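Down below is the structure, laid out as structure tokens.
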Amino acid sequence: MGISIRIHIHLILWTIWSSWVALGATASKFECFQSRPDICAPILNITLYEHNHVTPGYLFITPYDMTTCNDGPYVYNHIGELVWYGAVGKEFVHNLYPCHIAGKDKLCMLKMRHGEGITSSGPVILFDLGLYTPDGERDFTEINVGMEPDMHELRIVNNGTAIITTWLATRSWDLTSVGGPPNGYLRTAGFQEIDVQTQTVTFMWDPVDHIEIEASQMELGRKWGDGIRPETDWDYFHINSVDKTRNGDYLISSRHTSTIYMISGQNGTVVETRRIQIRFHI
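When you line the sequence shown up against mature numbering (1 follows the signal peptide of the UniProt record, and there is no 0), it's residues -27 to -1, 1 to 255, in that order.
See the structure below:
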């Protein structure tokens, strides 16, 4: 459904998903279109309790591994009507949201490819909000860099650079301090900042250069690798999010160390840490 979406203000989806709107976690029904038989979209279960308190804007979702309707990026209005769908074939996307680059509004997303084990990677896709060129072709920019983008984060900052969480190469590592072999295998996930216009990496960070492996709370041999062979490399850190502060430092979170870190934008050193102590009882 090709339409031109104009965004005059930044859309604050968190307000839409506030106490004024109940959004069903799963879609129980699907709708197809005679004009576009290739689209079968999930029907959102939305209840508006206070119409006057709902922020104008759109809902951006990226469902995948669905058996009835299409995987891919969907844009809905605030009452759950489908506005736009972007076909991605057998691939899927994450982190779909409106972004602002070089004075232009775009749709940003990570187009992912299924990987083996814990990995999946793909290019960053930047759609112009016109969505189509005069020739009827989709107008987009694709960013491909050397590292493997990870699904957890894509954030546009400084009006033109993209921060992306990335998987880094497996390396041989001494794991005896955590009960592993002396010639074990370690894989880490860090982040990089990329200039969108030149597609060059302006900053790159690897946790193993700054945070000891003993900080991990993820034991060897569980879901995230035993470190014995390259194909079962140990994911000791597992970055989940990254953002950039006004003074140029980076705020990140790690799942497997249960810690929030402030990272220097000058040399990558750890400026500050906040350990999260949360215990769940089921």
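Positions of the beta carbon are idealized from the N, C-alpha and C atoms, including for glycine. A quick note: this is a predicted structure, and the numbers were derived from the prediction, not measured.
When C-beta atoms of the segment 151 to 158 are compared with those of the segment 170 to 178, fewer than three pairs fall below 8 Å, so the two segments do not count as touching. With contacts defined as CB atoms closer than 8 Å, Gly221 and Gly238 qualify as a contacting pair. One alpha carbon belongs to Thr246, the other to Asp38, and they sit about 36 Å apart. Counting along the chain, Tyr234 sits inside the beta strand (DSSP E) bounded by residues Thr232 to Ile236.
With contacts defined by Cβ atoms closer than 8 Å, Asn213 and Ser226 form a contacting pair. Beta-bridge pairing by DSSP links Thr161 to no other residue. The three-state secondary structure of Asn156, taken from DSSP, is coil. Secondary structure at Asn18: coil, using DSSP grouped into helix, strand and coil.
About 29 Å separates the Cβ atoms of Val181 and Gly133, ruling out a contact at the 8 Å cut-off.
Counting the other Cβ atoms within 10 Å of the Cβ of Gln165 gives 16 or more, which makes it buried.
Short of 6 Å from the beta carbon of Asp44, and not among the five residues preceding or following it, lie these beta carbons of its own chain, in chain order: Tyr37 and Phe65. In this structure, the beta-carbon distance from Ile236 to Ile249 does not fall below 8 Å. In this structure, DSSP gives Asp206 a state outside helix and strand, which the three-state scheme calls coil. Inclusion of Val215 and Ile136 in the CB contact set at 8 Å is warranted, their separation being smaller than that value.
About 6 Å separates the beta carbon of Tyr31 from that of Asn50, a gap short enough to meet the 8 Å contact definition. Here the alpha carbon of Cys5 sits roughly 45 Å from the alpha carbon of Gly194.
Non-local C-beta neighbours of Ser231 in its own chain, meaning closer than 7 Å and more than five positions away in sequence, comprise Gln190, Arg248 and Ile249, ordered along the chain. With respect to the C-alpha of Pro122, the residue from Met82, Arg144 and Val130 having the closest C-alpha is Met82.
With respect to the C-alpha of Thr161, the residue from Thr139, Ile129, Pro46 and Val151 having the closest C-alpha is Thr139.
When the Cα atoms are used, Ile52 and Leu21 turn out to be separated by approximately 8 Å. In the structure shown, Thr246 adopts extended strand secondary structure according to DSSP, grouped into three states.
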